[in-house]
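Protein chains in written order, with the working numbering: chain C, 1 to 468; chain P, 1 to 468. Yeah, the Cβ is synthetic: ideal placement off N, Cα and C, and Gly gets one too.
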């Protein structure tokens, strides 16, 4: 009988877990409690974030602020690590210039101002701006249906919203972001004069959300300007277009691509005392967009990664393996830092066993996503009970993160911290991604959760290494 | 071998669950998906909250705003329920009066202003305010050690902070709130002239947090004023007292207790078509404190409960059992509404099978706490997989909630929605508990989670009823 089989299963599992509650597990529980207590009472993550956000601000690759962030975090990491150093990397530099202006004109000649911002990497309009008809589409697929005659000489307005029914908001983002990233290149092929993209935001508000875009293989003389429009204004424009398909849209922006400049990843580590050649990496990205101060994206991940080292030092834990914090440069518009780091790691044949990033906001942590094999996942599953007292319950396969991605061939378990994602896109790449949007306890719980996973990998290593 | 036993357990459980994935379970999954989709796209909860918060505002029992809230919710519920009506209840009426003034004086005569607010139910100071020495304690227990000679003629400053290391912030609250609720009565016995209580807030900020207090059995002529002080100012006062134990503290507040006035619970229901006498109750409390507009506490719970009925109506679900929303009056300072409701339910011998409240903020839902027996808990456990796609993972015994508490002798399963609690005390009973502090999706996910539990109880009933 079904119920009887279930009960037998439960009994056997309870028995297995009761046996598993060895002195070892007790010890691990105690270490996790120490880690969480330290993070919730004596950690530095919040004050580091306050400095990054309020003293430095938005840190777009190649900006003076990005350089200030490099210098600040290097100095701070030097205080908590055995060694801290810079890894050079060339990054693109793009500047927004003067604030963008956009409006549409109703039939009776009234100009309705809308909130827009240039997408990162976009070219400028002509200096006096450009007025043209605008055509709304639900996605890149619509362009082919419409054809060149319908699109040529117009702005293309990408207005497919993020799906509210997705519980995991990153899935809703994934279902829309092609419009922002590839929309301009696609529309240019049909003779569009520019693209206006509905902001990647689940909320209705007045903030435009920037983000990376690419012209792909398009010849440079065919680049067209690309801007994001706030969700409220996207709805307004949509309604106006229903009344008047001929309405004119005006956009003026004077952003500039400056080519490549020198920048750095910031790296710091505490050497392992048994297996110093095995690296456990924690990281976040030091660059951010320019509209806010990048507190959630990814100031939070930066200071949480730094906090992992601080926690080790302050709790006087002596790691067996080398624990390394990497603050990646240029995640937002190039991934140059992550690629440079992985390339060097490969060249030097460095053994990474875990590469864990935090780049999903400083919200209440729920768990992790992993890119790895079933054997490693079964070890991870066995640690779940240790995390239960901290309400960490989410351990899923797939989708660890962008900065650790290039390390996939090293054999490391790739992992990404997964905080509650419901509010993330309220702030993502917008001017309200500021220090006030981050809650101290939620930030600290994330750092403690990362530190706990690092501790377990330090103690037990990979399943296949047989070194525990 | 341990691992082999574990694997056998896992296999058997998987088998049991695979069998459990009956057409029934498939059907239930589909209903939950419908419920979540509706809530995330077409629900009314957020616009109801906007009205309660921004058009009505703080709704302290007996206030004109509380009456407006009664009338508004009754009218709105009439649109989604079969019947909606008022249940009379007498409630205490207390008013804050003009804003409080407080400061302490340093040795060199400088007055340092501090942010305070009268506790709900407190008496006023004399009209010109009262200056006196102040003595800091870590809790009520300290009073006996200090004795009357040390306390008499002084303010008592209760400064035990909420424990940051508690992962569940309600536990941290539970470990401190005796200072606020009973601190004045206790200190009055030792001749104190008033009490200043550190705000129940895990964050350091400038906002005083009010809340209920009681003079217990104290004769009325011995009542002393009680106020909360912001956490920042509590630290400031603490530091000043370390320098100067004789410093003078000044408090002026002119709050008033007005006795009892008429008010109401608001009740609405959709009749069951098979077991109309079995009631499934969902509720929140309509009253709030006066400093903010009570959006999290408990506007969220009110509109989520209303939303359960709206969801039933809009998804065209025909419940077997009667689904009843109860908006309780006076949870904050008396629990009169909950007691009156339970008394009437008992007198009328109404059969309640589930009483579910939402009174822990409109944050991302994590699960529920239940007060019930092991048999019911095992049924609840069996539903966990249905909630997993919505990241609802927390189903624990104990601590359902204040408003459903008086129903415990009805045999109903008592339940409380448990949202993420990390931010809750940032807003609790303070002036920043406003509409902007609530995220639409998080609110809606909470309502969907409540609706889903209601659906399952409607379909399956209690384990002991054998009516499924």
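Per DSSP, residue 240 (chain C) is one residue of the alpha helix (DSSP H) stretching across 231-243. Considered as a whole, the segment 261-335 of chain P harbours 275-285, 321-328 as its complete beta strand (DSSP E) runs of no fewer than 3 residues, in chain order.
Secondary structure at residue 258 (chain C): strand, using DSSP grouped into helix, strand and coil.
Counted as a single uninterrupted DSSP element, the beta strand (DSSP E) harbouring residue 355 (chain P) occupies residues 351-357. For residue 320 (chain C), the number of other beta carbons within 10 angstroms of its own is at least 16, and it is reported as buried. Looking only at C:78, C:298, C:411, C:394, the smallest Cα-Cα distance to residue 52 (chain C) is reached by C:298. If you draw a straight line from the Cα of residue 268 (chain C) to the Cα of residue 167 (chain P), it comes to about 30 Å.
A direct Cα-to-Cα measurement between residue 273 (chain C) and residue 318 (chain C) gives close to 7 Å.
For residue 46 (chain P) and residue 258 (chain C), the gap between their C-alpha atoms comes out near 45 Å. Under the 10 Å beta carbon count, residue 449 (chain C) is surrounded by 16 or more other beta carbons and is classified as buried. In the DSSP assignment, the residues bridged to residue 86 (chain C) are C:266. DSSP lists P:251 as the bridge partner or partners of residue 130 (chain P). Rounded to whole angstroms, the separation of the alpha carbons of residue 368 (chain P) and residue 159 (chain P) is 32 Å.
With contacts defined as CB atoms closer than 8 Å, residue 403 (chain C) and residue 357 (chain C) qualify as a contacting pair. CA-CA distance, residue 463 (chain C) to residue 23 (chain C), rounds to 20 Å.
Chain order gives no chain P residues near residue 219 (chain C), where near means a beta carbon separation below 9 Å; the closest approach is about 42 Å.
Neighbours of residue 423 (chain C) in chain P, taken as residues whose beta carbon is under 9 Å from its own, are 364, 439, 441, 442 in chain order. Within the segment 112-162 of chain P, the complete alpha helix (DSSP H) segments at least 4 residues long are 141-151, listed from N- to C-terminus. With the criterion set as a beta carbon lying under 7 Å from some beta carbon of chain P, the segment 143-155 of chain C has no members that meet it. Rounded to the nearest whole angstrom, the CA to CA distance from residue 115 (chain P) to residue 76 (chain P) is 38 Å. DSSP, reduced to helix, strand and coil, places residue 100 (chain C) outside both helices and strands of the structure shown, so it counts as coil. Taken through DSSP and simplified to helix, strand or coil, residue 48 (chain P) comes out as helix. In terms of Cβ geometry, residue 252 (chain P) and residue 125 (chain P) form a close pair [threshold 8 Å]. In this structure residue 248 (chain C) is not in contact with residue 136 (chain C), their Cβ atoms being roughly 14 Å apart against a cut-off of 8 Å. A direct Cα-Cα distance of roughly 46 Å separates residue 309 (chain C) from residue 100 (chain P). Neighbours of residue 393 (chain C) across chain P, judged by C-beta separation under 7 Å: 393. Counting C-beta pairs with one atom in each stretch, the segment 414-421 of chain C and the segment 334-347 of chain C have fewer than three that are closer than 8 Å, which means they do not touch. Judged by beta-carbon spacing, residue 291 (chain C) lies within the 8 Å limit of residue 431 (chain C), meaning their Cβ atoms are closer than that value. When Cβ pairs closer than 8 Å are counted between the two stretches, the segment 378-388 of chain C is seen not to touch the segment 420-430 of chain C, the count staying below three. 8 Å or more divides the Cβ of residue 353 (chain P) from the Cβ of residue 454 (chain P).
In this structure, P:315 is the residue among P:119, P:315, P:285 with its C-alpha nearest to the C-alpha of residue 31 (chain P). At a cut-off of 8 Å, the C-beta of residue 127 (chain C) has no neighbouring C-beta in chain P. Comparing alpha-carbon positions, the option among C:397, C:307, C:351 lying closest to residue 81 (chain C) turns out to be C:307. Collapsing the DSSP output to three states places residue 437 (chain C) in a helix. Between the alpha carbons of residue 364 (chain P) and residue 108 (chain C) lies a gap of roughly 45 Å. The distance from the Cβ of residue 311 (chain C) to that of residue 38 (chain C) is about 6 Å, consistent with a contact at the 8 Å cut-off.
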